[in-house]
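And the structure:
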């Protein structure tokens with residue numbers, strides 16, 4: 035068990051990207067997303083607030099949060115509880131990496 039951590043469950047910003055425009059239009063730099071939904075639920079779930087069973091190949095999620103001052107000098111680990119296939123991750127507009135689930 036970690037000694038300290040920040041739970042990022044709750045309301046996130048959300049956008050479907052059915053035309054694969056997000057990266058080329060730099061959505062990671064703060065574009066307003068049209069939807070909000072509740073993590074840890076998938077967008078297909080009624081509990082998420084979206085409740086859209088339609089398949090979407092690309093979706094964007096954004097969460098703004100503050101890091102407590104005592105954490106600023108420490109190494110951070112961002113853990114995703116569920117990623118369905120691939121995720122690319124930006125923090126403050128900077129690409130930090132990707133992950134692929136198999």
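Residue numbers (this note's numbering): 35 to 136.
Using N, Cα and C, we set each Cβ at its ideal position, and we do this for glycine too.
Where residue 96 falls: helix, strand or coil (DSSP): On the chain shown, position 62 is the one that residue 96 refers to. Correct three-state label for residue 96: strand.
Option nearest residue 135 by Cα separation, candidates 120, 62, 125: Here residue 135 refers to the residue found at position 101 when the chain shown is read from its first residue. Of the listed residues, the one whose Cα sits closest to residue 135 is 120.
Check whether residue 67 and residue 39 have beta carbons under 8 Å apart: Sequence index remark: in the chain shown, residue 67 carries index 33 (1-based). Sequence index remark: in the chain shown, residue 39 carries index 5 (1-based). No, these two residues do not count as a Cβ contact at 8 Å.
Same chain, Cβ closer than 7 Å to residue 90, neighbours up to 5 away in sequence not counted: Here the question's residue 90 lines up with position 56 in the chain shown. Cβ within range, chain order: 50, 52.
Close-in-space but distant-in-sequence residues of the same chain around residue 127 (CB under 6 Å, 5 per side omitted): Numbered from its first residue, the chain shown carries residue 127 at position 93. Excluding positions up to five away in sequence, the list reads 62, 63.
Check whether residue 74 and residue 115 have beta carbons under 8 Å apart: Taking the chain shown and counting its residues from 1, one reaches residue 74 at position 40. Taking the chain shown and counting its residues from 1, one reaches residue 115 at position 81. Against a cut-off of 8 Å, the Cβ pair of residue 115 and residue 74 comes out as a contact.
Burial state of residue 48 (16 or more Cβ within 10 Å): For the purposes of this step, residue 48 is taken as the residue at position 14 of the chain shown. It counts as buried.
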